[in-house]
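Number 43 in my numbering belongs to position 50 of the sequence shown; there are no gaps in the numbering.
Where is the CB? At the ideal position from N, CA and C, for every residue including glycine.
Since we're looking at a predicted model, the values are computed, not measured.
Notes to accompany the following structure.
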Amino acid sequence: MDDLFSHKIEQNAPLADRMRPKGLDDFLGQEHIVGKGRLLRRAIEADMLTSSIFYGPPGCGKTTLAQIVANTTKAHFAKLNAVTSGVADVREVIKAAEERLKLYGQSTYLLLDECHRWSKSQSDSILPAIEKGIIRFIGSTTENPMISMTPAIVSRCRLFQFFQLTEKQVAQAVRRAIADDKDGFGRMNLEISDEAVMHWADVANGDVRSALNALELAVLTTKPDDDGVVRIDIEIAQDSIQQRVLKVDESYFYDMLSAFCKSLRGSDSTAALAWFARMIHAGVDPRIIVRRMIAHSSEDVGLASPQAMQQAVAAAQALEMIGMPEARLNITQAIIFICESPKSNSVVAAMGDAFADAEGDEHDPVPVHLRDTSYKGHERLGSGKGYKYPHDYPGHYIEQEYAPLSVQGKEYYRPSDQGFEARIRELRQARKNIKEEKN
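Below, the structure is given as structure tokens:
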């Protein structure tokens, strides 16, 4: 009876689950790891796969390959999901695996979907079992494990990176589902245009699951015509999957943000706008973007073009005042201004040197002539004695020492020859000339 019920559950499963390849020969893509003669394929075929982590974008075959391992191995296969399982579930699997190994000499694979969602304590609970060989761990994740997972578990696993499937491979999966008379729609009287298939393959953006979901929705919601044929054309295909599938995990988000910032620094307004548009289209909070623009207006432009910060701050204010999508125009203007401005890192270099000295040096007493004179009786303490008021001198400048004792003789800000900083260099030289004339 259990088999009968299981069969009914399988029949009612989504098309994408029913059409999962059962063996390596039917597996699409990832030839770099499961092609003929490749390491992972050899390990699976020899039933010698050690603890591994499969990572890559959604719908590229990670869970499917793990299921193929389950179908081909002589070991026991257990499956958990990191979202719903805890330490108690892991201990139960480990206990059963240990008994199985002692009594029958049978190994156990543990597939953990969304493994990046496990906390450190959950990850630590499985480490001893991996080290002792009680279980063979297979983690599946869309995140970069080097960033999202604890180093302890990553160091004990072999990493296999999966890549996005090509449009041709997705189309092949769709046609396979149309023709399959067991798990697909091969027994139905279907007529699906090549345009419809290629539309699903294109818009799915490498995600087979999304393409098959669109196929299933189109087939199940389209009534047969007078001839009893379910005809799917490009219009029906477009209705079943209307927007390109976006795959923006945490790692890809930070990579896009990094590319955006480097484009600002590199004076490439086209690239910066491209990354800006992609991040907005992917649902990134625009406040994150404008905060980075404000930072880079000082870090990479600085006083070479002081208006860059004004543009960035104005874009941030516009975002708060009028919101999206209208503020896209203001942000675009600021992006272009920052990119096309002359570049200088003199400000960030000056900040770094000043803070390094502040952290490393003992705090010096403030020189007497610079001390506060706003209170009665400061004369008795000598505060302010010897201070020279610059506006009383020609050019509103007079040489005197302002820096803490430990900083005297140093120069933090060194203006470049870019933009307005070239003018700052001229002003500095003029003050230097006044100093030399006096000496």
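- Contact check for A122 against I128 passes: the beta carbons are separated by less than 8 Å.
- T134: member of the beta strand (DSSP E) spanning R129 to T134, first to last residue.
- For D117, the enclosing alpha helix (DSSP H) begins and ends at K113 to K125.
- Counted as a single uninterrupted DSSP element, the beta strand (DSSP E) harbouring I185 occupies residues L183 to I185.
- Judged by DSSP secondary structure, R34 falls within the alpha helix (DSSP H) whose first and last residues are L32 to E38.
- In this structure, I328 lies near A265, with their beta-carbon atoms less than 8 Å apart.
- Beta bridge pairing from DSSP links L104 with K72 and I131.
- A buried status is given to P138, since no fewer than 16 other beta-carbon atoms sit within 10 Å of its beta-carbon.
- Check the Cα spacing between M181 and each of M272, L210, R149 and G221: the tightest is with G221.
- Just measuring C-alpha positions, the residue of D10, G345 and D410 sitting nearest K175 is D10.
- Counting only runs of at least 3 residues, the region 153 to 227 fully encloses the following beta strand (DSSP E) elements, listed from N- to C-terminal order: 183 to 185 and 223 to 225.
- Relative to L104, the option among H274, A71 and T43 whose CA is nearest is A71.
- The beta carbons of V361 and K378 sit closer together than 8 Å.
- For S339, the enclosing alpha helix (DSSP H) starts and ends at S339 to G353.
- Counting only the Cα atoms, M142 lies some 8 Å from C108.
- As for any alpha helix (DSSP H) of minimum length 4 sitting wholly inside the region 271 to 299, the runs are 279 to 289, ordered along the chain.
- By the Cβ rule, the region 151 to 158 counts as touching the region 31 to 47, because three or more pairs are nearer than 8 Å.
- Residue S399 holds the alpha-carbon nearest to the alpha-carbon of V359 among P383, S399 and M12.
- Assignment of beta-bridge partners to R407 by DSSP yields no partner.
- Per DSSP, the unbroken alpha helix (DSSP H) holding F330 starts and ends at A320 to E333.
- With respect to S339, R424 sits apart: the two C-beta atoms are not nearer than 8 Å.
- Of E333, E372 and R169, the smallest CA-CA separation from L8 is found for R169.
- In the three-state DSSP reduction, R151 falls in the strand class (E or B).
- Straight through space, the alpha carbons of A320 and Q231 are spaced by roughly 30 Å.
- Between the alpha carbons of S256 and L250 lies a gap of roughly 10 Å.
- The C-alpha of A309 is placed about 28 Å away from the C-alpha of I417.
- A straight-line Cα-Cα distance of about 28 Å links V190 and S133.
- With fewer than 16 other beta carbons inside 10 angstroms of its own, G16 counts as exposed.
- Remark: fewer than three beta-carbon pairs, one from each stretch, lie closer than 8 Å, so the region 194 to 211 and the region 85 to 96 are not flagged as touching.
- The criterion of a C-beta distance shorter than 8 Å is not satisfied by L312 and I331.
- V76 sits away from I37, with the two beta carbons spaced by 8 Å or more.
- In terms of Cβ geometry, S118 and R84 form a close pair [threshold 8 Å].
- Taking C-alpha positions only, S376 is separated from E352 by approximately 27 Å.
- Non-local C-beta neighbours of E414 in its own chain, meaning closer than 6 Å and more than five positions away in sequence, comprise L296, A297, S337 and P408, ordered along the chain.
- Taking R34 as the centre and dropping the five residues before and after it, the same chain places the C-beta of L17, I26, V27 and G28 closer than 8 Å to its C-beta, in chain order.
- The continuous alpha helix (DSSP H) containing S141 extends over residues P138 to S141.
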